[in-house]
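Going by the working numbering, the sequence shown runs without a break in its numbering and finishes at 1383. For every residue, glycine included, the Cβ atom is placed at its ideal position computed from N, Cα and C.
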Amino acid sequence: QKSFSQLANLLTSQTSFFTEMYLTPQYRSPMLVIWVGSFGGALHAPVTSFFYLAVGASEHDIGVIGALQSLSSLLLSPVYGHVADNYGYYHVYGLSTTLCSVGCLVRGLAGDVKGLYTGAIILGLGGAQAWSLALGYLSTHTPPNRKSEVVSGFIVQVQLLGLLGKMMFTPLDWSLRGFGGDRSDDADGGDLWRWRIEMGICTVFCFYGLIALVGSGGAMQEADRIMIRNKQISRKASSVTTANNDLERGVHESPSLASITRAESLKNGNRSAFSLSMAVLLCQSTATTI
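Have a look at this one:
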């Protein structure tokens, strides 16, 4: 009884959250991308490893594919964050969604391991960034008293849609088998072409998200303009305050020789510590590789 009541409350709150996000213009476009991406990206999850093996990848190659996607995502995340903070989320969000479509298509059409590597890198550069960008956008444009509610609602919906996508794999697979995807007389048993469709179908969902973003992203762009303008005003106010405080403290007086010497020693010490730490990390990495 209690568990059923909690489940009912969860579904009610998430339905209310979904309705609010869809009806609010500045939230609708980015959330549509996440909704369709979370669902479409999970459709192929049960067959991913089988597809990689059928294309010719080994167990080692599958590990490398995952590492390449994670590494490319890690390297580009700071760039996406910097651009979003200073120039707005709309354009980097569109780039991420575009790369998601391209990466899914390249992976689905891959004829060898190199194609799988290429698709993984493209997905890491784009598709993997969409969720963090959407979460950052929501956090930026949500009032402080509702941030925890919106962030938790976002995470719950992503998880639920991913679970639903995995559940829908079976009906999708049955449908494709009905169209001739279970031909045992083929060299690959009739499975590979069906798996290609299932692996590449996320292209359709990402492309739909891109269309939604371009077609109804005006409110998102306006929210970005307001954010950038407010940041510029805040920076100017901070600069004026800092200048006034410096004048009040009498910064026109020259610093003493002792203070300059201490500052230089501290700077050199920091450089030495940084160089030493980098050398230690490099030695550890080399030892691990060997």
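Residue from Ile1127, Thr1117, Tyr1180, Leu1168 whose Cα sits closest to the Cα of Gln1325
The residue given as residue 1325 occupies position 232 in the sequence shown. Ranking the options by Cα distance to Gln1325, first place goes to Tyr1180.
Member of Ile1294, Cys1299, Ile1321, Ala1316 whose CA lies at the smallest distance from the CA of Val1140:
Within the sequence shown, the letter at position 47 stands for residue 1140. Measuring from the Cα of Val1140, the nearest candidate turns out to be Ile1294.
Beta-carbon contacts of Thr1190 that lie in its chain and below 7 Å, excluding the five residues immediately before and after:
Here residue 1190 refers to the residue found at position 97 when the sequence shown is read from its first residue. Closer than 7 Å at Cβ, skipping near neighbours: Val1126, Ala1223, Cys1299, Gly1302, Leu1303, Leu1306.
With a floor of 4 residues, list each alpha helix (DSSP H) that falls wholly inside the region 1278-1316, ordered by position along the chain.
1285-1293, 1295-1308
For Ser1165, which residues from the same chain have a beta carbon less than 7 Å from its beta carbon, with the 5 sequence-adjacent residues on both sides left out?
Position 72 of the sequence shown holds residue 1165. Same-chain partners within the cutoff: Ile1214, Gly1217, Leu1218.
How would you label Ser1245, buried or exposed, when you count the other beta carbons within 10 angstroms and need 16 or more for buried?
As a working note, residue 1245 is residue 152 in the sequence shown. Classification of Ser1245: exposed, given that the 10 Å Cβ count is below 16.
Does DSSP put Phe1111 in a helix, a strand or coil?
Residue numbering aside, residue 1111 sits at position 18 when the sequence shown is read from its first letter. For Phe1111, the secondary structure class from DSSP, reduced to helix, strand or coil, is helix.
Assuming contact is defined by CB atoms lying nearer than 8 Å, are Ser1131 and Gly1255 in contact in what I supplied?
Stepping through the sequence shown from its first residue, residue 1131 is reached at position 38. Stepping through the sequence shown from its first residue, residue 1255 is reached at position 162. The answer is yes: Cβ separation under 8 Å.
Straight-line Cα distance separating Ala1177 from Asn1323:
As a position in the sequence shown, residue 1323 is number 230, starting the count at 1. As a position in the sequence shown, residue 1177 is number 84, starting the count at 1. Distance between the alpha carbons of Asn1323 and Ala1177 is about 14 Å.
What number of angstroms, rounded off, separates the C-alpha of Lys1329 from the C-alpha of Ile1319?
Here residue 1329 refers to the residue found at position 236 when the sequence shown is read from its first residue. Here residue 1319 refers to the residue found at position 226 when the sequence shown is read from its first residue. C-alpha separation (whole angstroms): 15 Å.
Exposure label - Asp1205; buried when at least 16 CB within 10 Å:
What you label residue 1205 is simply residue 112 of the sequence shown in a count that begins at 1. Result: exposed.
Going by DSSP, what residue range makes up the alpha helix (DSSP H) through Gln1222?
The residue given as residue 1222 occupies position 129 in the sequence shown. Gln1222 -> no alpha helix (DSSP H), and no H or E assigned at all.
Val1172 versus Ala1150 - alpha carbon distance:
Here residue 1172 refers to the residue found at position 79 when the sequence shown is read from its first residue. Here residue 1150 refers to the residue found at position 57 when the sequence shown is read from its first residue. Approximately 31 Å between the Cα atoms of the pair.
Environment of Gly1134 [buried if 16+ CB atoms lie within 10 Å]
Mapped onto the sequence shown, residue 1134 falls at position 41. With 16 or more Cβ atoms within 10 Å of its Cβ, Gly1134 is classed as buried.
CA-to-CA distance, Leu1228 to Phe1247, given in whole angstroms
Within the sequence shown, numbered from 1, the residue matching residue 1247 stands at position 154. Within the sequence shown, numbered from 1, the residue matching residue 1228 stands at position 135. Whole-angstrom Cα-Cα distance: 7 Å.
Cα-Cα, which of Thr1211, Trp1286, Gly1201, Val1251 is closest to Met1124?
For the purposes of this step, residue 1124 is identified with residue 31 of the sequence shown, where counting begins at 1. Selected option, being the one with the closest Cα: Val1251.
Count the C-beta pairs between the region 1094-1106 and the region 1256-1273 that are closer than 8 Å, then say yes if the count reaches three, no if not.
Per the Cβ contact rule, the region 1094-1106 is not in contact with the region 1256-1273 (fewer than 3 Cβ pairs under 8 Å).
Of the listed residues Cys1193, Thr1334, Ser1232, Ser1194, nearest to Tyr1182 (C-alpha basis):
As a position in the sequence shown, residue 1182 is number 89, starting the count at 1. Scanning Cys1193, Thr1334, Ser1232, Ser1194 for the CA closest to the CA of Tyr1182 turns up Ser1232.
By how many angstroms is the C-alpha of Val1297 removed from the C-alpha of Asp1284?
As a working mapping, residue 1284 is identified with position 191 in the sequence shown. As a working mapping, residue 1297 is identified with position 204 in the sequence shown. Each residue's Cα considered, the two are about 21 Å apart.
Pair within 8 Å by beta-carbon distance, Gln1115 and Ile1158
The residue given as residue 1115 occupies position 22 in the sequence shown. The residue given as residue 1158 occupies position 65 in the sequence shown. A quick correction: the sequence has Tyr, not Gln, at residue 1115. Cβ atoms of Tyr1115 and Ile1158: not closer than 8 Å.
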